[in-house]
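To start, the structure under review is shown below, and the notes come after it.
2 protein chains.
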Amino acid sequence: MLLIHLIPKGPPLSLPIKTRLSNALKEGTKADKAIASYMSGALADLPFETAASIAKKVGVSEATVGRFCRSIGYTSFKNLKDHLKGDIADYPWLMSDRLKELQKSAAAGDAHLTRGMELEIAAVVSVYECARMPEWPRVVKRLASANNIHVAGFQTERGIAQYFANQMQYVRDGVSLVDLAGGNFAEVLASGKDSCLLIFEARRYSRLAKVLAQEAQATGIPVTLVTDPFCDWGHDVADEVFAVPTQFNQFWDSTAQMASLCNLLINSVFMELGSDVEDRLSRFAELYGRFTGHVGDPVAQVAK
Amino acid sequence: MLLIHLIPKGPPLSLPIKTRLSNALKEGTKADKAIASYMSGALADLPFETAASIAKKVGVSEATVGRFCRSIGYTSFKNLKDHLKGDIADYPWLMSDRLKELQKSAAAGDAHLTRGMELEIAAVVSVYECARMPEWPRVVKRLASANNIHVAGFQTERGIAQYFANQMQYVRDGVSLVDLAGGNFAEVLASGKDSCLLIFEARRYSRLAKVLAQEAQATGIPVTLVTDPFCDWGHDVADEVFAVPTQFNQFWDSTAQMASLCNLLINSVFMELGSDVEDRLSRFAELYGRFTGHVGDPVAQVAK
DNA sequence: TAAGGAATGAAAGATATATTTCATATAGTC
DNA sequence: GACTATATGAAATATATCTTTCATTCCTTA
């Protein structure tokens, strides 16, 4: 990168922005690549960004963003945005445009897929409805205060359970993923008074989930169940049941949106714990070193 | 119009912008109407405009544009632009009563949450856009035909990787989750010519993902990377990169929507494999007995 | 058509955003 | 490993953008 400012350096004439970005992706400096990479991945968001907001996200300085824009041929970030408008005028920024675009291409190919997307969006809405249910705060309080949290998921839901457990472990101690290695659920059932259990279940693949819930409840451990809308036994064996839609026009059910619920739940617990958890995250940050300096990681987020 | 500034006057919270504009078009003052009219006609250009630029076009003063925005419920023109991003609410299938209900209760409680939901919905759209990218069919073909599929995810993404692997295992043979137990990636790198690698990564928490990708590519194994939009090294070490949004107004990033991409990918592979996989699933169904008779499980779905 | 209230624009003030400078860090070269 | 050139970030500066104040205009209504 040159030091002479003010003069756009890059490809002098109007190449499309995408081309410029992918050139920078190959030839640029480290920071350049980072910026170019983010920009090309989030083209649709660019109009809403500022040099500073991008800088923060990719972890470089505001100045560098400005310099980068000059290095690929614009005079400034603002200038880049201006060109964005005309340069690829048909690129959709507005969600409604993006949806139209998808529907258009669906007409050619598979409308099936677009219908699936609509269902999946509806599922997201459902998930956020869960967060407004009267039992939600109760679950959150329990997950924040209990001594032990056991998280269970079998078959295809094991991944979801693990996802939840892994993240929750950042937020608090005493979170464990229920393991079947021992052949029974001793770890859960013997874990003392102040424990609770969160089960992810769907498709009735696994009888285990029901058995576990029953036994836990018999032992006096509160049970929260995240399942699909077809589960008929949930309310009998769980203190709270959250139903997440799973049918999105795909060849079989998808429990993907349970992951969204996971994060929502974790976020609520984080809020509940308040500053306690911040200390914890700072300690983690030191531990891992590599956390620092990136927005979007716990420390940076908590700090703000 | 009131003279009290600072307090947004209009419909208190999250009605779609179009609705607000058309209300203003009926009820507003002369200047309001002019602005509303221009804005609704040029929604797609708004991100590039400033209060001043609109003022000039419409023939009012800068101040009036600001006041107008406040009168329809935003705190400023900039605030209006912010809401434009990810504003999906005027899509008929989203105008479900449930969504309206949520938005209403958002007025009472946390608009924050509803805003997060909108962002998450936008992420779903992004995911489905991935499925229309030119590299998508290539990845699908590879995942359908390769001898071995290695799936990797570290730290918080391990759960996602597991989720994908577990489901993919129903669809085809030779799917394995990369394990770090051995301390290296021998299992992947020594797995022969016809292998491929799918990595879930985010937040730069894990250097491992990059190392793995590099080594795999050096060995001639095709690498597909699913990551967040902030990954700056993806394009260097992966044959295909899919960026999934991760920031939903929560205290840290959420990679939940990667799970949605997982299912989409699995579904595509299923389609690619066609009837082969149906046989496989039937065999599974017999094996597990308990599958049968339930809507939403593989057999029932495939049958229909 | 005069009076009062609301709406508006001009300009000053406040804030946000971008650029430049300069000191430091980094990468490449011998 | 020292030298050079480039790249980078922090802080200062400049610029753009938005908000507020206040005087004026416009509208309504008696």
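Protein chains in written order, with the numbering used here: chain A, 1 to 304; chain B, 1001 to 1304. C-beta atoms are modelled at their ideal positions from N, C-alpha and C, and glycine is treated no differently. Small disclaimer: the values here were computed from a predicted structure and weren't measured.
So the beta strand (DSSP E) residue i belongs to, where does it begin and stop?
i	result
residue 1241 of chain B	1240-1243
residue 176 of chain A	175-177
Per the DSSP calculation, residue i is bridged to which residue(s)?
i	result
residue 227 of chain A	A/243
residue 195 of chain A	A/148
residue 251 of chain A	None, per the DSSP bridge assignment.
residue 200 of chain A	A/153, A/226
Whose CA, out of the options, lies closest to the CA of residue i?
i	options	result
residue 129 of chain A	B/1110, B/1126, B/1132	B/1110
residue 82 of chain A	A/152, A/47, A/232	A/47
residue 45 of chain A	A/176, A/141, A/85	A/85
residue 79 of chain A	A/187, A/49, A/106	A/49
residue 258 of chain A	A/192, A/17, A/269, A/245	A/245
residue 21 of chain A	A/52, A/71, A/94	A/71
residue 1233 of chain B	A/55, A/115, A/106, A/31	A/31
residue 1155 of chain B	B/1166, B/1207, B/1176	B/1207
residue 33 of chain A	A/96, A/53, A/68, A/63	A/68
residue 236 of chain A	A/211, A/175, A/278	A/211
residue 1238 of chain B	B/1216, B/1165, B/1018	B/1216
residue 1252 of chain B	A/269, A/253, A/252	A/269
residue 1145 of chain B	B/1157, B/1172, B/1191	B/1172
residue 1254 of chain B	A/149, A/91, A/167	A/167
residue 1137 of chain B	B/1223, B/1265, B/1036	B/1265
residue 174 of chain A	A/149, A/191, A/102	A/149
residue 322 of chain A	A/242, A/184, A/101, A/227	It is not possible to answer for residue 322 of chain A, since the shown part of chain A is limited to 1 through 304.
residue 16 of chain A	A/227, A/277, A/91	A/91
residue 1123 of chain B	B/1260, B/1282, B/1061, B/1161	B/1260
residue 1221 of chain B	B/1192, B/1064, B/1062	B/1192
Starting from residue i, follow the alpha helix (DSSP H) in both directions and report where the run begins and ends.
i	result
residue 1267 of chain B	1257-1273
residue 1164 of chain B	1158-1171
residue 117 of chain A	111-130
residue 1234 of chain B	1234-1237
residue 212 of chain A	207-218
residue 1186 of chain B	1186-1189
Is the distance from the Cβ of residue i to the Cβ of residue j below 8 Å?
i	j	result
residue 1213 of chain B	residue 1198 of chain B	no
residue 1057 of chain B	residue 1038 of chain B	yes
residue 189 of chain A	residue 219 of chain A	yes
residue 1120 of chain B	residue 1248 of chain B	yes
residue 1229 of chain B	residue 209 of chain A	no
residue 1113 of chain B	residue 1196 of chain B	no
residue 1163 of chain B	residue 159 of chain A	yes
residue 147 of chain A	residue 194 of chain A	yes
residue 1140 of chain B	residue 1272 of chain B	yes
residue 1053 of chain B	residue 1066 of chain B	no
residue 1176 of chain B	residue 1186 of chain B	no
residue 99 of chain A	residue 1125 of chain B	yes
residue 1263 of chain B	residue 256 of chain A	yes
residue 1178 of chain B	residue 1152 of chain B	yes
residue 1026 of chain B	residue 1040 of chain B	no
residue 105 of chain A	residue 1203 of chain B	no
residue 59 of chain A	residue 250 of chain A	no
Within the present structure, is the beta-carbon of residue i separated from the nearest heavy atom of the ligand ATP by less than 7 Å?
i	result
residue 1221 of chain B	Among the ligands in the structure shown, none appear at all, so the ligand ATP cannot be discussed.
Worksheet entry | Length at least 4, wholly inside the stretch 7-91 of chain A: the alpha helix (DSSP H) runs in chain order | Entirely contained in the stretch 7-91 of chain A, the alpha helix (DSSP H) runs reaching 4 residues are, in chain order, 17-27, 30-41, 51-58, 62-71, 77-87.
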